[in-house]
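Enquirer: Read in order, the letters of the sequence shown correspond to residues 152 to 213 in my numbering. Note that beta-carbon positions come from the ideal geometry of N, C-alpha and C, so glycine has one too. To start, I am sharing the structure in question, which I have written as structure tokens.
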Amino acid sequence: QLMALITEWAISQGSIAMMLEVKTDNLTAISLYESLGYAKLNIRKNYFGNGLDALVMRKEIP
152 QLMALITEWA ISQGSIAMML EVKTDNLTAI SLYESLGYAK LNIRKNYFGN
202 GLDALVMRKE IP
């Protein structure tokens, strides 16, 4: 429900897409975001420090 509220708010602000970062080893979260329409976009090396990379994901919104 939180993601739906955020999406509604983004639409009300005129946004055409939403992006997020998630740890590359957080497969549960990645699966959730994919089920919500997010696509894998890029990797940000060492984003979280200590060699932990981030997966950048993007969702197009109407």
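Hey, how far is the Cα of Q164 from the Cα of K196?
Expert: Residue 164 sits at position 13 when you count from the first residue of the sequence shown. Residue 196 sits at position 45 when you count from the first residue of the sequence shown. Straight-line Cα distance between these residues: approximately 30 Å.
Enquirer: The beta strand (DSSP E) spanning L192 covers which residue range?
Expert: Residue numbering aside, residue 192 sits at position 41 when the sequence shown is read from its first letter. Taken as a continuous stretch (DSSP letters only), the beta strand (DSSP E) holding L192 covers A190 to R195.
Enquirer: Measure the CB-CB distance between M208 and L187 and report whether it falls below 7 Å.
Expert: Within the sequence shown, residue 208 is the residue found at index 57, counting from 1. Within the sequence shown, residue 187 is the residue found at index 36, counting from 1. No.
Enquirer: Rounded C-beta distance between M169 and A161? I'm assuming under 8 Å.
Expert: As a position in the sequence shown, residue 169 is number 18, starting the count at 1. As a position in the sequence shown, residue 161 is number 10, starting the count at 1. Indeed they touch by this definition, with Cβ atoms about 5 Å apart.
Enquirer: With DSSP as the reference, please indicate the residues paired to M208 in a beta bridge.
Expert: For this step, residue 208 is matched to residue 57 along the sequence shown. DSSP lists L171 and K191 as partners of M208.
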